[in-house]
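Asks:
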Amino acid sequence: MKSATENLLKIEDLHASVAGKKILNGLTLSVARGEVHAIMGPNGSGKSTLASVLAGRPGYEVTAGSVTFQGRDLLALPPEERARAGLFLGFQYPVEIPGVNNVYLLKAALNAARKEHGLPEVDAFEFLQLVRGKMALMRMEDSFLSRGVNEGFSGGEKKRNEILQMLVLEPALAILDETDSGLDIDALKVVAAGVNSLRSPERACVLVTHYQRLLEYVVPDFVHVLVRGRIVKSGDRTLALELEQRGYDWVSGEAA
Amino acid sequence: MSTTLTSRIAADYALSAPAAGQRRAAALAALTAQGLPTSRDENWKYANLRSLERLRFVPAAAGAPADAALLPAPVPGFTRYVFLDGRFAPGLSAAPAGPFSTLAGAPEVAGPDPGGRGADERFALLNEAFATDGGHIRLTAAAAPARLEVVFLARTEAEQGTSYPRLEITLAAGARLELIERHVSAADAGSFVTSALDITLGKDAALTHYRLQSLSATSVLFDTLSATLGPAAHYRLHAISTGGQSAHSTQVLRLAGEGAHLSMAVAALGDAQQVQGSFALVEHVAPRARTEQLFRGIAAGRSRIAFNGKIVVAAGAPGTDSQQSLRGLLAGAGAEIDVRPQLEIYTDDVRCSHGASAGKLDDNMLFYLLSRGLERTEALRLLKWAFLADAFARIEVPELRRQIEENLAAALKDRALKELL
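Protein chains in written order, with our numbering: chain V, 1 to 256; chain Y, 1 to 421.
(1) Could you confirm whether any beta carbon from chain V is found closer than 7 angstroms to the beta carbon of residue 367(Y)?
(2) Counting contacts by CB-CB distance shorter than 7 angstroms, is residue 359(Y) in contact with chain V?
(3) Give me the chain V residues within the contact set of residue 373(Y), using Cβ-Cβ distance strictly less than 7 angstroms, ordered along the chain.
(4) Under three-state DSSP, which class holds residue 135(V)?
(5) At which residues does the beta strand (DSSP E) containing residue 100(Y) begin and terminate?
(6) Using the three-state DSSP reduction, which class does residue 418(Y) fall into: helix, strand or coil?
(7) Out of 39(Y), 146(Y), 162(Y) and 76(Y), which has the shortest C-alpha to C-alpha gap to residue 84(Y)?
(8) For residue 207(Y), tell me which candidate among 219(Y), 230(Y) and 288(Y) has the shortest Cα-Cα distance.
(9) Helix, strand or coil for residue 3(V)? Go by DSSP, reduced to three states.
(10) Between which two residues does the alpha helix (DSSP H) carrying residue 79(V) extend?
(11) When burial is assigned at 16 or more other CB atoms within 10 Å of the CB, is residue 165(Y) buried or exposed?
(12) Can you check whether the C-beta of residue 419(Y) is within less than 7 angstroms of a C-beta belonging to chain V?
(13) Just to make sure I have the definition right: I need the residues of chain V whose C-beta is within less than 8 angstroms of the C-beta of residue 292(Y). Which are they?
(14) Return the chain-ordered list of same chain residues with a C-beta closer than 7 angstroms to the C-beta of residue 16(V), the five sequence neighbours on each side being excluded.
(15) Check the DSSP bridge columns for residue 164(V) and list the partner residues they point to.
(16) The beta strand (DSSP E) that contains residue 135(Y), what's its start and end?
(17) Check this for me: beta carbons of residue 319(Y) and residue 287(Y), under 7 angstroms apart or not?
(18) How many angstroms separate the CA atom of residue 104(Y) from the CA atom of residue 127(V)?
(19) Check the Cβ of residue 364(Y) against every Cβ in chain V and list those closer than 7 angstroms, keeping chain order.
(20) Have a look at 176(Y), 123(Y), 366(Y) and 44(Y) and flag the residue whose alpha-carbon is nearest the alpha-carbon of residue 28(Y).
(21) Classify residue 96(Y) as helix, strand or coil using the three-state DSSP reduction.
(22) Whose Cβ in chain Y lies nearer than 9 angstroms to the Cβ of residue 257(V)?
(23) Given that a residue counts as buried once 16 or more other Cβ atoms are within 10 Å of its Cβ, and exposed if not, what is residue 161(V)?
(24) Note down, in chain order, each residue of its chain lying with its Cβ closer than 7 angstroms to the Cβ of residue 217(V), except the 5 sequence neighbours on either side.
(25) Helix, strand or coil for residue 351(Y), going by three-state DSSP, please let me know.
(26) For residue 250(Y), which three-state DSSP category applies?
(27) Residue 381(Y) by DSSP, collapsed to three states: which one?
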């Protein structure tokens, strides 16, 4: 068993661009097991780009720097191997895939992870028990299982479905990209309960968010402020409250 | 049509049909007058017409009975009738009874007037001129709903003669039929198949028609489906085409009665050098009729897939409601897809919508699946599956659906999964 304080994710001097435009400009961040980090920042600061680069979304070019995940060079891995290594991206805009049903995707994803760990495919009965339990936590009805992936889901349903997938996969590191956006307060609480249920000394979570509202329910250990592709300020949860009061101009001004 | 081809057809006809009656002779005359299409003809651009040069038009000779093991698994609840190279195979079939009879040696009795066939139905004329057998399904107004399966098994090599499957279906007012129609090959025989189906639906009649074409990869198929829908008749057509070196299907569907309803869903898969082409002509000639047309095609390898869906709304068809959704997916570097919706409207007060697209799989969907840890090949297969799903999602016969899903899954798995992005 690896020690709980070991760095799970180590990002060093990361530079990345999208369609020739530089978005990340020397970002450095370390996340240890057991920690919850919040990354906040104004629109266009590079928050979602960071999440996409970590998950391996095509179209994002890393021009300098390194990312180590559980001791491996994360950037050398294709997206599916990153996922199987224990990295989970909760999408800001979950994709609708009509014709592929939720239960199929959940099972295929879980089996991919199990295969990585040398485990046999999950037993069909046990799988349903597991999923139903997680669905109850996410206040999702049984009918979700047979529907197409995110097909016709409301914004809140899509976000809950992301968290459901995360709960089933139990990743070592979850990166949740604006999972709180577009949620009403009840849905936000459900999502937060889901995230909190997965907190453990073995796992870590990076919350990418514009507002501190989510952080009232998922209390972070660290808060980082991202401006123009770099972390310009780090602190504890009180930093989020301060940002809420003083606005991003405060740190942007300091960074300039 | 080249004179050579015309004269070869006439010569083969003289050889094979010395005693043919008036109707067959009329079909030959109409065919000779119109000529077979050429590749310059827009609706036949993708058909492998060159294959005609080396074919024999005489009907395949009746051979030894075929082995039942060649047939697909039966579907519970459906009475099965089998034709071998277009000839009824009693040893493999239920006894003709009730709504089903054979045309045995007298294909003269029913069907539309050969002279009334349009240019798109020329291969149906070829079938009519040469077919010596076929199936005839007739449901009277008082008949109980029927579930029938007709299997056309092609065994003879193209050089030895042509297989002429033929089916005539008449449903009287209010009659209901569920029909499975299959075109399969014996082993890997490379056959030439020219099939013709004629359907007449009376008032309030309902036909649910499953067409599954999975001929061998060396077979050539020209298929013509002609249907006329009476008032408030409902025709549901599910066609799935995966076989043949070249398979061309023409559908001429006429909504002739007020409130008639056509819902058709067609799926085609192509790989290697396969060519799968469809021309669907839907004619709205009566008021307040409805059409939903859906096509999904996946072209892998160097295959070519075409679907040309033309809907004509005549002056006498106000209140027409038609929807077309035609989509093609390119899954091979040398593959070609051509989906074309066409609308001709000669009246006001219509609601016609169409959507057509041809392209690659959605990058965002693929990334989403990969980000959940799925293997790239599995993610691609799943997305292809999802792409096709619309075309068979509403098949309500569980065992049939299972067979179709199994066949499609096997087809997608076995075919080289080329990198799409």
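Heads up, the beta-carbon is just placed ideally off N, CA and C, and yes, glycines get one too. What you are looking at is a predicted structure, and each value in this text was computed from that prediction instead of being measured.
Replies: Taking the structure as given:
(1) yes
(2) no
(3) 80, 83, 84, 109, 112 and 113
(4) helix
(5) 100–102
(6) Here residue 418(Y) scores only 33 on pLDDT, less than 50, and its place in the model should not be relied on; the value that follows carries that caveat. Note: residue 418(Y) maps to coil in three-state DSSP.
(7) 162(Y)
(8) 230(Y)
(9) Interpretation of residue 3(V) is limited by its pLDDT of 48, a score under 50 that renders its predicted location unreliable; no figure is taken from the coordinates.
(10) 79–84
(11) buried
(12) With a pLDDT of 32 at residue 419(Y), under the threshold of 50, the modelled position of this residue cannot be trusted; read the value that follows with caution. Taking Cβ atoms only, chain V never reaches closer than 7 angstroms to residue 419(Y), which makes this a no.
(13) Simply none; closest approach about 17 angstroms.
(14) 23, 24, 49, 53, 60, 61, 62 and 63
(15) Residue 164(V) pairs with nothing; no bridge assigned.
(16) 135–139
(17) yes
(18) 56 angstroms
(19) 95
(20) 123(Y)
(21) coil
(22) The structure shown does not extend to residue 257(V), since chain V is modelled only from 1 through 256, so no value can be given for it.
(23) buried
(24) 188, 189 and 192
(25) strand
(26) strand
(27) helix
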